[in-house]
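*Asks:*
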Amino acid sequence: MKSLEIDKEIRIMEICGTHTMSILRSGIKELLPKNVKLISGPGCPVCVTN
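In the working numbering, the protein residues as written are 603 to 652.
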């Protein structure tokens, strides 16, 4: 993924905390190019209400 040549900044919102944990644990974040930013979202209804 780091070899992709994308000249724009890309923002991807993680909706759920489980997404964030999975992305970090699996090492996906380290594979992303510097111009891809992960943004934490509001949380899914299940995570927020429990």
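Glycine residues also receive a C-beta, built at the ideal position from the N, C-alpha and C atoms.
Fair warning: this is a prediction, and the values are worked out from it, not measured in the lab.
Check each candidate in Met623, Lys636 and Ser624 and name the one with the smallest Cα separation from Ile612.
*Replies:* Here residue 612 refers to the residue found at position 10 of the sequence shown. Here the closest residue by C-alpha is Lys636.
*Asks:* What three-state label does DSSP hand Leu640 in the structure shown?
*Replies:* Within the sequence shown, the letter at position 38 stands for residue 640. Reduced to three states, the DSSP call for Leu640 is strand.
*Asks:* Would you mind working out which of Ile617, Lys639 and Arg627 sits nearest Val648, comparing C-alpha positions?
*Replies:* Taking the sequence shown and counting its residues from 1, one reaches residue 648 at position 46. For Val648, the nearest C-alpha among the options comes from Ile617.
*Asks:* My guess is that Met615 and Ile641 are in contact by the Cβ rule of under 8 Å, so how many angstroms apart are they, rounded?
*Replies:* Working through the sequence shown from its first residue, we reach residue 615 at position 13. Working through the sequence shown from its first residue, we reach residue 641 at position 39. Confirmed, Cβ separation roughly 5 Å.
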